[in-house]
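Following: one structure in structure tokens, then a few remarks.
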Amino acid sequence: MTQDGFQVRELMTLAVRRWLGCVVMMCSAAPLNAEVDLLQLAGFDAPRIEKLYPANEEESIGELAKLVYRLNRLSRESLQGSIPGDGAGGLHGSDIRLGRVVLVEGRVGKVQSLAVPDRLIEFLGLRTLERVTLDVADSTEVRSVEVVTSGLPPDTAIGDRVSGLGVVIETRESSGDQGNAVVAIAALPLQWFPENPQRVGWKLLTELGVGLGQLPGVASRNRQPLSSDDTELFYQMLSAAERISQTPSADRVAPAAVEPIELLKNPTQFTGEWIRMDVEVVQITRISVTEPSRVNQLGADHYYQIDAMGDLGDVKVKIDSSGDAADGGPVFQNRFPISLVFKTLPGFLQAKLDALGKADSIVVDITVPVSVDAFFFRLWSYPTAYMERFGGGDQFGPLLIGADMINREPTSADPAGVKIFGKIAAVAVGMGMLAMLVWSHRIRRGDRVVQQQRKQREAEELRLPE
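Position 63 of the sequence shown, counted from 1, bears residue number 65 in the numbering used here, the numbering being contiguous throughout.
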């Protein structure tokens, strides 16, 4: 059965549609108040860390992989918060010791891969570690610091600027009375600022201070639900897109025109790319942001999810179903759901909500043809009522982080068929609603997760990670 057949039969039930709130447990470690908390949480003390370096045989590499794995389970904010003072830290001094959290910034001088022992690959989900030698400007000299990490972007080149946040695993005595100096650290995935970005979007993000080190990880999760691994880069890109929106149009880099089918066919080719797409808005949802660090990062306690439909042209898209429905998997033709997120609503959309008397509504159904300038994040998946009719499985679709939107409404009287087509699009999104994830917060150390779920439609919110 095609999507159009489903739309017509379900038209009268739009007002009473059921929202599928996909509650996914997200982990956000609470800020760590002391380095000892970090070491205890990671399971490493100073004697154990002493045995990690120089990591030139299987046992020490295996132990180092375990430390990197456990560090990757922590949030960047938790690590950053345990650096004394302003959070910048230093690379030498009397307080430099094994297990100390530091931030290292420099340029890539050398990269070496370390093979994780076979017995640990399945458990850790890591096949290799990267030993990255950085040329670091420390006081008046440039010296080398080794950073052992995971997930280094394959396009990283010698001379690229990177920053690493992690724990000290090797020190040496400094000259004079300066105490110890950092020799090596185990770190979270590096923030990457390439000298010669391969894509326009990457160049824009780098110029706006967004590290690209997490892009390969984002691309690897295409067609998966949003997770805590997406959180940091999502909010950074949302803030960057907002800054672009405040730049005069004449001063912006022109985005590449992209059709929805291109993102569906080759999503990894567009991760982080700056694109323009024609879509039709069908619903707007205000999303609350409750985590204090994210509110501070955004400068707001909410953003907007805009559900839209993109043109497929003559292409039909069939999604595999996990069930044994007699009709087979669902088929989308003509149009396909697109998810947009904006920090603030474009002015003309806000004016429309004001005119409708719905400026304070959480959810508003509205039909407007637009062109959107945005960064492509990735394909994300979510359960929908439409997919349930075929035995389950998840819907997937493009998630774009928007900077600007152009109204494509005709200036003359509404052409025949536009309003009818808009109603059909509204049903498609209504019955196959994109269920943004409700993010929960880890209240204390360990794995205790609190799930939050609104029960009334008026209070239900589609949330991205915090």
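A virtual CB, placed ideally from N, CA and C, is assigned to each residue, including glycine. Here the structure is a predicted model, which is why all the values come from computation and not from measurement.
Straight-line Cα distance separating residue j from residue i
i	j	result
residue 124	residue 147	30 angstroms
residue 50	residue 389	50 angstroms
residue 1	residue 45	Nothing can be reported for residue 1: it is not among the residues displayed for the chain, which extend from 3 to 468.
residue 192	residue 154	7 angstroms
residue 185	residue 71	21 angstroms
residue 241	residue 304	12 angstroms
residue 335	residue 294	42 angstroms
residue 405	residue 225	23 angstroms
residue 204	residue 286	28 angstroms
residue 349	residue 380	26 angstroms
residue 408	residue 109	40 angstroms
residue 95	residue 169	15 angstroms
residue 281	residue 312	5 angstroms
residue 387	residue 114	48 angstroms
residue 296	residue 263	33 angstroms
residue 273	residue 306	21 angstroms
residue 73	residue 119	18 angstroms
residue 223	residue 232	9 angstroms
residue 356	residue 362	9 angstroms
residue 403	residue 243	7 angstroms
residue 366	residue 360	7 angstroms
residue 173	residue 183	5 angstroms
residue 128	residue 291	32 angstroms
residue 177	residue 145	14 angstroms
residue 83	residue 318	49 angstroms
residue 496	residue 126	Lying before the first or after the last residue shown, residue 496 is absent from the chain, which here runs from 3 to 468.
Beta-carbon gap between residue i and residue j smaller than 9 angstroms
i	j	result
residue 150	residue 117	no
residue 299	residue 248	no
residue 302	residue 342	no
residue 100	residue 48	yes
residue 400	residue 314	no
residue 271	residue 339	no
residue 85	residue 103	yes
residue 358	residue 370	no
residue 202	residue 257	yes
residue 227	residue 383	yes
residue 66	residue 171	yes
residue 76	residue 54	no
residue 181	residue 98	yes
residue 322	residue 395	yes
residue 157	residue 93	no
Whole-Å CB distance - residue i paired with residue j, under 8 angstroms assumed
i	j	result
residue 372	residue 283	6 angstroms
residue 78	residue 167	6 angstroms
residue 333	residue 354	Incorrect: roughly 32 angstroms between the Cβ atoms, too far for contact.
residue 64	residue 131	That pair is no contact at about 10 angstroms.
residue 308	residue 344	6 angstroms
residue 214	residue 206	The pair is not a contact, with the Cβ atoms about 11 angstroms apart (cut-off 8 angstroms).
residue 236	residue 331	Actually they do not touch by this definition, with Cβ atoms about 29 angstroms apart.
Any chain C beta carbon closer than 9 angstroms to residue i
i	result
residue 279	Included in the structure is just one protein chain, with no chain C present.
Residue i (DSSP reduced to helix, strand or coil)
i	result
residue 126	helix
residue 364	coil
residue 208	helix
residue 189	strand
residue 116	strand
residue 352	helix
residue 297	helix
residue 282	strand
residue 336	strand
residue 80	helix
residue 454	In this predicted model, residue 454 has a pLDDT of only 36, less than 50, meaning its place in the structure is not dependable; the value taken from the coordinates is given anyway. Residue state, collapsed to three classes: coil.
residue 218	helix
residue 290	strand
residue 320	strand
residue 310	strand
residue 66	helix
residue 102	coil
residue 255	coil
residue 180	coil
residue 397	strand
residue 260	coil
residue 201	coil
residue 413	coil
residue 435	Residue placement at residue 435 is flagged as unreliable, the pLDDT there being 41, under the threshold of 50; a coordinate-derived value is accordingly withheld.
residue 159	coil
Heavy atom of the ligand MG within 8 angstroms of residue i beta-carbon
i	result
residue 47	For the structure depicted, the ligand MG is absent and the ligand set is empty, with no information on it obtainable.
Query raised in the report: Between the segment 194–202 and the segment 155–162, do at least 3 Cβ pairs fall closer than 8 angstroms?
Result: Yes: the two stretches touch, three or more of their Cβ pairs being nearer than 8 angstroms.
Query raised in the report: Just checking, does the segment 130–145 make contact with the segment 212–220 on the three C-beta pairs under 8 angstroms criterion?
Result: no
Report task. Report yes or no: do three or more beta-carbon pairs, one from the segment 365–379 and one from the segment 271–279, lie closer than 8 angstroms? Result -> yes
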